[in-house]
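Numbering (the numbering used here), first residue to last: 509 to 1127.
All C-beta atoms in this analysis are idealised placements derived from N, C-alpha and C, irrespective of residue type, glycine included.
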């Protein structure tokens, strides 16, 4: 009610002021109508800004909206602002382990969390210094009692977004509308303090109207000031488009965002980058891009498309500084686009021993396509060992990814996975945009194609506004002699019934291996409700190691992650996949959170399968 009264009070002042300025003026017909309209609009904008300055600070804060954002915490869990829509609010405190008052602040914050633990609120800490998780020394502050997730603000971009100024500051956020309920500090919360009253309101039900907020001016006794060195440096000297921004875009983005590429727009000039800069900023903050987000602390893979903290800061701060072009005449993105146009789509490692062409698939101009499956017969009657292969998409602008298995004629693409929770299969390789299109297996290793077997292919296409057809080719390179080690894949899955409105339905599958193997890659496979998956190895003594983690699964991106460093696994060890599904309204790809979903291989069903690609010595 307070908010409404204040709103109408200031709206009345605005209306009265506007009438005083315009109500007594007679229209002048000596000026062209178009110019009059422009002047009127400009005057109205100035009046709005003038009267907005009169609004009390608390009322302005109620109207503050923030962009969606996402971060990983020190335990490797993914947190996205908008993915908490199933809750009524997020309570976040700025954390700085180097601040002397932090221990006291944590104790107060923990008491507040305990008070509202059973409510629809989540309490999070934000590491405003963005430290390497392996270098944080005072984790006992977090682990003493109920664990408080500590989000790693790598690059401090979220701290900048939420306008944190001092360690210990509090933000209460509305994940439904992406706005701010409260800005301030903990101050020995009593039952009738503004923060306690707000959280009590939110713990019962989300408010139907905007809630008043508190904004306290920080002083030296309210926590340590936060240093934003990168932001302050870039405010003084914005990043150079030519020497800093464009090189990052060329190296990390233009393989997909090119003319004829699978990206929805081409980053082929400064003008294009400027036009798309709000979207670029948004997807960097909420980690939709680069795609295939993984936890960089567990394994490495070229398929993961990492952006460093400095690279992300450079692009976001350049955009925040109005994306200056600079004085340079040449445009690196234009030059790069011309170079990409001149590249030929040939056979990179020489002419293949056999070229197979998959069935031509029609791709409409719009809509969401389900997977397309195709079986390709092979024209040889003896066993063959594959030492290398290359994919050549017919239309790379629509082919999003492709997976290839060796199958018996009696099987379909899914093979034994249809009937078994653990299946050992002959996996050839996968294609995804932006990656190297050819694969040469490690020396002495290869994929066996038994006589009479075929290739079973799975295609995933994206529409781009133009109807087209894709007839992808695969070049096969055969070894002259049998390989010493055969590449296969172990598929671990779990059957289940997924209940409705569950934001974190946890699942796990495991398998004990009988022989020594070398793990060379992993892949997570779920459908629209997939949330996360970790790939874990436990040795016979029980020592556990996470070799790779996909904390933010995206149905649209399912690459085969080839490990930068293969992992030797001893016989008797256990391979395990641990993860969860999200069947809530907070999942942006969920078709219907009210439905109960059963396990199945169709996209309208759901699955939970982790693939371990490995080499095993041939007996």
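When the alpha-carbon of residue 907 is set against those of 656, 847, 917 and 977, the nearest one is in 977. Of the candidates 992, 840 and 606, the residue whose Cα lies closest to the Cα of residue 894 is 992.
Bridge partners of residue 663 according to DSSP: none are assigned.
The DSSP-derived three-state label of residue 791 is helix. Here residue 1043 really is in contact with residue 1120; their C-beta atoms are around 7 angstroms apart, less than 8 angstroms. For residue 658 and residue 603, the gap between their C-alpha atoms comes out near 8 angstroms. Taking C-beta atoms under 8 angstroms as the contact rule, residue 631 and residue 656 qualify, at a distance of about 6 angstroms. CA-CA distance, residue 679 to residue 798, rounds to 28 angstroms. Your pair residue 947 and residue 896 checks out as a contact, with CB atoms roughly 6 angstroms apart and the cut at 8 angstroms.
The alpha-carbon separation between residue 828 and residue 746 amounts to approximately 9 angstroms. Residues 869, 871, 877, 880, 906, 907, 908 and 978 of the same chain have their beta carbon placed closer than 8 angstroms to that of residue 969, with the five preceding and five following residues left out of the count.
Following the DSSP letters along the chain, one finds residue 898 in no alpha helix (DSSP H) but inside the beta strand (DSSP E) bounded by residues 892–900. Under the DSSP assignment, residue 818 falls in the alpha helix (DSSP H) whose first and last residues are 817–828.
By the CB criterion at 7 angstroms, residue 1063 and residue 1040 fall outside the cutoff.
The three-state reading of DSSP puts residue 1072 in strand, counting E and B together. 7 angstroms or more divides the Cβ of residue 613 from the Cβ of residue 636. In the three-state DSSP reduction, residue 797 falls in the coil class, being neither helix nor strand.
For the pair residue 930 and residue 923, the CB atoms are not nearer than the 7 angstroms cut-off. Out of 664, 1025 and 1067, the CA that lies nearest to the CA of residue 822 is found in 664.
Taking residue 956 as reference, the option from 985, 965, 973 and 928 with the minimal CA-CA separation is 985. For a cut-off of 8 angstroms, the C-beta gap from residue 782 to residue 831 is around 5 angstroms, short enough to register as a contact.
At the C-beta level, residue 1123 and residue 995 come within 7 angstroms of one another.
A Cβ-Cβ distance of about 34 angstroms is found for the pair residue 1126 and residue 941, leaving them out of contact under the 8 angstroms criterion. Put simply, the backbone Cα of residue 808 is about 16 angstroms away from that of residue 1045. With 16 or more neighbouring CB atoms inside 10 Å of its own CB, residue 638 falls in the buried class. The secondary-structure analysis by DSSP pairs residue 598 across a beta bridge with 630 and 681.
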